[in-house]
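Under my numbering, the first residue of the sequence shown carries the number 11, and numbering increases by one thereafter.
Backbone N, C-alpha and C fix where the C-beta goes; we use that ideal spot for every residue, glycine too.
Quick caveat, the model's predicted, so the values are computed rather than measured.
What follows is one structure encoded as structure tokens, with my remarks underneath.
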Amino acid sequence: MPHFHIDYSPNLEGRLDIAQLCRVIAETARETELFPAAGIRVRATACTHVYMADGDPKHAFIDMSVRLRAGRPAEAKVAATETIFAAMQGYCQQLLDSGSLMLSMEMRDIDPDLSPKTSSIRKYLPEDMR
């Protein structure tokens, strides 16, 4: 765990390398040392139907939700949120400077009693990532 889910406006296709944004998020999350590498999952979805502000189709957005199993200290989550958002903002800075882009992020805990899990991924990862 955690799950990083990026929703973005489809007008970013061709203007921003979304796959690279996913890599930036994953690498930054790993560097915080708050999340085990084996549990980091980043995915992105272009939202087919969007309407923002005044309806101008030039507006764009990236909204990232981070879900993680409860139990981490609040201060560590705040620090990780700040670090990851700064990386996302840095990656998107050119678009922020040159056009209309709304950038947001939310991190929230998952109730472990309501979220069963199983995985075999660790046995397929390099030793240092298990």
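A residue is called buried when at least 16 other Cβ atoms come within 10 angstroms of its Cβ; S130 does not meet this threshold and is exposed. Shown here, T93 sits in a helix according to DSSP, grouped into three states.
A Cβ-Cβ distance of about 5 Å is found for the pair L44 and A86, placing them in contact under the 8 Å criterion.
Rounded to the nearest whole angstrom, the C-alpha separation of D66 and E116 is 25 Å.
About 4 Å separates the Cβ atoms of V52 and C32, confirming a contact at the 8 Å cut-off. Put simply, of H13, I50, L106 and N21 the residue whose alpha carbon is nearest the alpha carbon of L135 is I50.
Annotation: K68 to T128 spans about 42 Å, alpha carbon to alpha carbon. Out of D119, T55, Q30 and S125, the CA that lies nearest to the CA of A97 is found in Q30.
Here DSSP, grouped into helix, strand and coil, assigns I72 to strand. Here the alpha carbons of R140 and K133 stand approximately 8 Å from one another.
DSSP places R82 in the coil class of the three-state scheme, outside both helix and strand.
Contact annotation: D73 and D17 have beta-carbon atoms nearer than 9 Å.
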